[in-house]
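Using the UniProt record's numbering, the letters of the sequence shown correspond one by one to residues 1 to 467.
A quick write-up on the structure given underneath.
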Amino acid sequence: MSTSYTEAAISSFFPDFQFGEDLSYLFTNIHEDQPPPPPVPAFPAPGAMADNRGKRPAEHALAEGELSGAKRQRSPTSSHENSGGSNDGGDHDTNPEVAAPGGRGGGRRLWVKERDSKWWENMISPSCPDAEFRRAFRMSRATFEAICEELGAAVAKEDTMLRQAIPVRQRVAVCIWRLATGEPLRLVSKRFGLGISTCHKLVLECCAAIKAVLMPKTVQWPEAPDAAAGVAASFKASSGIPGVVGAMYTTHIPIIAPKANVAAYYNRRHTERNQKTSYSITVQGVVDAGGAFTDVCIGWPGSMSDADVLERSALYAQRGAAGLLQGQWVVGGAEYPLMDWLLVPYTHQNMTWAQHMFNERVDGVRSGARDAFRRLKARWGCLQRRTEVKLQDLPVVLGACCVLHNICERAGDGLEPEIAGYQIFDDEMVAENPVRSQAAVDARDTIAHNLLHNTGNGGSGGGFPSS
């Protein structure tokens, strides 16, 4: 509804009003408690805008910097606490507020959680007893320092403007402690004063460095004739069997049921023995007379037999089948087939005295490999239980354990009494096709005869398959 006023009515409202005057001021300032809006400045030209970038007054920049710093401070329950930061040293700096020198306006702050690392500082201190250090890391301090020196170039990181990098010794210690104890990552994190994800990353990085840098130096097949002759002499001195260059054994490492192809990793024999569903992967290893690994094959599913794992290994394809082991023996158990280069015990009934003696000597050689795996699992506790490591990362971790085993064995670092009694249980089965070579059958019979009659090495060609 609209209302129209006559000139007389308007004159009654505004007695002093003269018709024809400008009325705009009545409407623009009708609300007297609000000031009039400021004049709109002219929009600058594009060139002027580019020239004035970053030239704001100092008080505006400071205010914005303080506001930005306040927004970037996170609560103690933020994801930064668990992730350890994007940098390897994310949790190493314990200062609660670290200024970022290159920050916008100079006022930005980086929040870092304060963590306790007294345990690690005590272990690395010169005042820490060597016996305590050995019990913690399953090796002497001298061996640990030698490993850190070898891996320094591969695992070291540079400091950044925001934080210091984690030292090499702490990186290596996190990895070795995790392998030695199998402790959950959340406890490793508290022990070393680092983030959980940082510890996980350090373990994988150090294991990869150990496998890449140290494995070629420590896990070596006796290629040279002198090296092979030395290994054979050591085995012959203990067993009387000539030409033995290694003893072979296969063990299983328990794993969490994988999401894909789960049936392949199902370990029926362990499930039946333990009355608990078990999944595993295999580790096949050949050791020398001193119990050090000279060849390893890691990662095949636990449902495979030992003979199947052997046929898929580099030892079989690149050495045995290639004819590089002529005149040499690798000693294995009844779960492997008899071949021109693989010597296994008799498995039939009603054996002769010579065959019984041969089996005893073979079992003595093979016990060296079994005992090497026992010490491997006893020293590195992560191999005794299902691990948090992903399936695709396990071969690297297991390979690092084998490398560290060799280093400790050759350095004379024995097992501590509290772990020396650990035993392994691997079900042994007879190979489905126990004989692959008739020449190997004749050579085994000759060795058994010579062992019974104590006639030395059986003469030239008597102890090996004829070519």
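Using N, Cα and C, we set each Cβ at its ideal position, and we do this for glycine too.
Annotation for I253: the continuous beta strand (DSSP E) segment containing it runs V244 to P254. Unbroken alpha helix (DSSP H) runs of no fewer than 4 residues, entirely contained in the segment 129 to 208, are found at 130 to 137, 141 to 155, 168 to 181 and 185 to 192, following chain order.
Apart from the 5 residues on each side of it in sequence, L376 sits with its Cβ closer than 6 Å to the Cβ of H405 in its chain, given in chain order. A distance below 7 Å separates the beta carbons of V362 and P345. Secondary structure of I210 (DSSP, three-state): helix. The DSSP-derived three-state label of L315 is helix. Annotation note: the segment 376 to 425 contains the following uninterrupted alpha helix (DSSP H) runs of length 4 or greater, listed N- to C-terminal: 394 to 411 and 417 to 420.
In the structure shown, W119 adopts helical secondary structure according to DSSP, grouped into three states. Around the beta carbon of M429, fewer than 16 other beta carbons lie within 10 angstroms, which makes this residue exposed.
With contact defined as three or more Cβ pairs closer than 8 Å, the segment 246 to 258 and the segment 379 to 387 are in contact. Burial is judged here by how many other beta carbons sit within 10 angstroms of a residue's own beta carbon; D159 has fewer than 16 and is exposed. P216: member of the alpha helix (DSSP H) spanning M215 to T218, first to last residue. DSSP lists P254 as the beta-bridge partner residues of S280. Below 8 Å, enough C-beta pairs join the segment 169 to 179 and the segment 393 to 413 to call them touching: three or more.
Taking a C-beta distance under 7 Å as the contact criterion, C206 and V168 do not qualify as a contact pair.
Taking 7 Å as the cut-off, the beta carbon of D393 is found closer than this to the beta carbon of L204.
For V262, there is no enclosing beta strand (DSSP E), since its DSSP letter is neither H nor E. Residue state for I241 is assigned as coil, using DSSP reduced to three classes.
Counted as a single uninterrupted DSSP element, the stretch harbouring T347 is not any alpha helix (DSSP H), since DSSP gives it neither H nor E. Taking all protein chains shown into account, A440 has 16 or more neighbouring C-beta atoms within 10 Å of its C-beta and is therefore buried.
Less than 7 Å divides the Cβ of D340 from the Cβ of S437.
The DSSP-derived three-state label of P225 is helix. Straight across, the Cα-Cα distance linking V331 with C382 is about 28 Å. The continuous alpha helix (DSSP H) containing V441 extends over residues Q438 to H453.
The Cβ-Cβ distance between R135 and E409 does not fall below 7 Å. CA-to-CA, the gap between F137 and A173 works out to about 8 Å. Around the beta carbon of S189, 16 or more other beta carbons sit within 10 angstroms, so the residue counts as buried. Taking C-alpha positions only, F358 is separated from E121 by approximately 55 Å.
The beta carbons of D288 and V231 sit closer together than 7 Å. Residue pairing by DSSP puts Y266 in a beta bridge opposite Y279. A straight line joining the alpha-carbon of G152 with that of N350 spans about 59 Å. Cβ-Cβ distances below 8 Å link V435 to P337, L338 and V441 in the same chain, with the five nearest sequence neighbours on each side left out; the list follows chain order. V365 carries a helical assignment under DSSP once its states are collapsed to helix, strand and coil. W380 counts as buried, since no fewer than 16 other beta carbons sit within 10 angstroms of its beta carbon. The distance from the Cβ of C199 to that of L185 is about 5 Å, consistent with a contact at the 8 Å cut-off.
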